[in-house]
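**Student:**
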DNA sequence: CCCACGACCTGTGGGC
DNA sequence: TGCCCACAGGTCGTGG
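Residue numbers (my numbering): 6 to 292.
(1) Following the continuous alpha helix (DSSP H) through residue 225, name the residue where it begins and the one where it ends.
(2) Assuming residue 226 and residue 204 make a contact with CB atoms under 8 Å, what is their CB distance in whole Å?
(3) Residue 12 and residue 60 - do their beta-carbons sit closer together than 7 Å?
(4) Which stretch, first to last residue, makes up the alpha helix (DSSP H) that contains residue 199?
(5) Label residue 8 either buried or exposed according to how many other C-beta atoms from any shown protein chain fall within 10 Å of its C-beta, with 16 as the threshold for buried.
(6) Less than 7 Å between the C-beta atoms of residue 184 and residue 200, yes or no?
(7) Over the uninterrupted beta strand (DSSP E) stretch that includes residue 61, give me the two end residues.
(8) Note down, in chain order, each residue of its chain lying with its Cβ closer than 8 Å to the Cβ of residue 64, except the 5 sequence neighbours on either side.
(9) Roughly how many angstroms lie between the CA atoms of residue 150 and residue 208, to the nearest whole one?
(10) Measure the alpha-carbon distance for residue 155 versus residue 233 and round it to whole angstroms.
(11) From residue 213 to residue 165, what does the alpha carbon distance come to, in whole angstroms?
(12) May I have the straight-line CA-CA distance separating residue 89 from residue 104, to the nearest angstrom?
(13) Mapping the DSSP letters down to three states, classify residue 144 as helix, strand or coil.
(14) Among residues of its own chain, excluding the 5 on either side of residue 38, which ones have a beta-carbon nearer than 7 Å to its beta-carbon?
(15) Assign residue 106 to buried or exposed, taking buried as 16 or more other Cβ atoms, counted over all protein chains shown, within 10 Å of its Cβ.
(16) Check this for me: beta carbons of residue 3 and residue 20, under 7 Å apart or not?
(17) Tell me the rounded alpha-carbon separation between residue 45 and residue 115.
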């Protein structure tokens, strides 16, 4: 679920509550998510102060004053929500993760500010780790990641170089986090539609002019989605439990059989499978 | 090297 | 109403 805009929205919602806060208690409700929690996880977090909450690709990074960074990936259904003490659905109690089944609340971080942060993840494809901050960049999670698409490090030249002579189709290539970091199935479909590029085109055959459009389309769709608080299909919520609303702006994702939204395009949105995932596109304007 | 596919896990929505 | 299948925002590993 959560792609870059959703993770960034969660980061922005959590940051005011977590930056500068000290963790006074940590409740860990099971030994693992997708992978085991690291050894002594709760003990290594308890007493730590979060100095900054950052994001790299789809990872949330909490910089701790202990020299370690708490790394969290939300997988498909992971969500972090805040709860102010005493303001839960039941007065005086925590509900932990608005709208989520509490049996999937796997971790609760209690701060010294009267605020707790709960991690809820029904499918448990998410994972967390504690990594020495000084060596974060060398860690396998991060060493191979491509540039942040909203940073100056990402440009048309990034794609020109990464796609040169690449035979893999452009859709699957954009999902490769080593080329550009943070895109997922929704925003790749939407960016390709904005840039009028057929998802089955070999990456190496996309023209420089199309790659320029694609670079701009990736930026614009991500920026607009962040402004909208991300996209909620099912599970995703912002940190305060609200729904995102960028899903109302989808032009192709989940819109099979709808008429193409491009002005003056007579096409119809179609669905196909690439790399085992649904691709939504217009076969007419995405030449 | 490339690609397709299954695995991980649970929930939901559609069709019958 | 109930059951079964397909499918879901992500990644990783295997085997052809």
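Note that the Cβ used here is the ideal one computed from N, Cα and C, for glycine as well.
**Tutor:** The short version:
(1) 213-232
(2) Actually they do not touch by this definition, with Cβ atoms about 15 Å apart.
(3) yes
(4) 190-199
(5) buried
(6) no
(7) 55-61
(8) 12, 76, 77, 78, 146 and 147
(9) 19 Å
(10) 16 Å
(11) 7 Å
(12) 16 Å
(13) coil
(14) 111, 126, 129, 131, 132 and 133
(15) exposed
(16) The chain is shown from 6 up to 292; residue 3 falls before or after that span and cannot be answered.
(17) 17 Å
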